[in-house]
Amino acid sequence: MRIYKTKDYDEMSRTAANIISAQVILKPESLLGLATGSSPIGVYDQLVEWYKKGDLDFSKVTTVNLDEYKGLPKENEQSYYYFMHEYLFDKVNINVENTYLPDGMNMDSEAEACRYEDLLASLGQVDLQLLGLGHNGHIGFNEPGDVFEKATHCVDLKESTIEANKRFFASADDVPRQAYSMGIGTILKSKKLLVVVSGEGKAEALKNSICGPVTPHVPGSILQFHPDVTIVADEAALSKVPEEYLK
Numbered sequence: 002m003r004i005y006k007t008k009d010y011d012e013m014s015r016t017a018a019n020i021i022s023a024q025v026i027l028k029p030e031s032l033l034g035l036a037t038g039s040s041p042i043g044v045y046d047q048l049v050e051w052y053k054k055g056d057l058d059f060s061k062v063t064t065v066n067l068d069e070y071k072g073l074p075k076e077n078e079q080s081y082y083y084f085m086h087e088y089l090f091d092k093v094n095i096n097v098e099n100t101y102l103p104d105g106m107n108m109d110s111e112a113e114a115c116r117y118e119d120l121l122a123s124l125g126q127v128d129l130q131l132l133g134l135g136h137n138g139h140i141g142f143n144e145p146g147d148v149f150e151k152a153t154h155c156v157d158l159k160e161s162t163i164e165a166n167k168r169f170f171a172s173a174d175d176v177p178r179q180a181y182s183m184g185i186g187t188i189l190k191s192k193k194l195l196v197v198v199s200g201e202g203k204a205e206a207l208k209n210s211i212c213g214p215v216t217p218h219v220p221g222s223i224l225q226f227h228p229d230v231t232i233v234a235d236e237a238a239l240s241k242v243p244e245e246y247l248k
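Residues are numbered in my numbering as their position in the sequence shown, beginning at 1, plus a constant of 1.
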């Protein structure tokens, strides 16, 4: 596990974007796993900026997303389909036919979970998976629980997650109660994991993920078992991690 300590969110975003851009430059046909939420926005902004300068080419890249709210149509501004197009897909030269997300409008949870897991298997191993970390330690929408979910599944969102996400909606009542998410087992199949974490509010979750016991009650702790993990976090997010872990 490599940990890069950055001054702030902007430096975190640039550092993570550098790692993704190197992946795309070295392997133009990379299969990238992408994340949503506030943490990766700065990463996508930086990638778009470099694309506009002519430094990056996404024409051969394929992407798969971690998750999607269940019950939100693609046109909904809070759907992750909409998010990805707003912040990345519509701003670079990626072939949208090579971008994949769970179908939030498939109300058959088992069928959709199986469909997306089969799709992921057909595309092959993800070269680099971008991840955020929730306030409760979740990765993707894998919430704290009694077991690590292996495969893509439908998640009942915790109240803490709904509370954290309500700022994106008119009210907490509008936040979907379920989402489709890659499972922990699916995420761990990726060759490389790149985790971006910012802010003091994530400090406890990051400390528990890096330093604590590996437990499904802190889903991010499973990162300790992956052979190639890079964490890029700002000073505030790393404020509770002992110095010996940062060397």
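From the three backbone atoms N, C-alpha and C, an ideal C-beta is built for every residue, glycine too.
Take THR64, set aside five residues on each side of it, and the residues of its chain with a beta-carbon closer than 6 Å to its own are LEU33, LEU35, THR100, in chain order. Around the beta carbon of GLN126, fewer than 16 other beta carbons lie within 10 angstroms, which makes this residue exposed.
Taken atom to atom, the span from the alpha-carbon of LEU158 to that of LYS28 is near 36 Å.
DSSP lists VAL65, GLN130 as the beta-bridge partner residues of GLY34.
In terms of Cβ geometry, ILE185 and ILE211 do not form a close pair [threshold 7 Å]. For the set ASN137, LEU124, GLY141, the Cα lying nearest the Cα of LEU131 is the one of GLY141.
Note on MET108: under 16 other CB atoms within 10 angstroms of its CB, so exposed under the neighbour-count rule.
The three-state reading of DSSP puts ARG3 in strand, counting E and B together.
When the Cα atoms are used, HIS86 and ILE21 turn out to be separated by approximately 18 Å.
In the displayed model, GLN47 falls within a helix according to three-state DSSP. In the structure shown, ASP235 falls within a strand segment according to DSSP collapsed to helix, strand and coil.
For TRP51, the CB contacts under 8 Å within the same chain, skipping 5 residues up- and downstream, are ALA18, SER22, LEU57 in chain order. Under the three-state reduction of DSSP output, SER191 falls in the coil class, being neither helix nor strand. GLN225 sits in a helix when the DSSP states are folded into three classes. Under DSSP, THR100 forms a beta bridge with THR64. Residue state for VAL156 is assigned as strand, using DSSP reduced to three classes.
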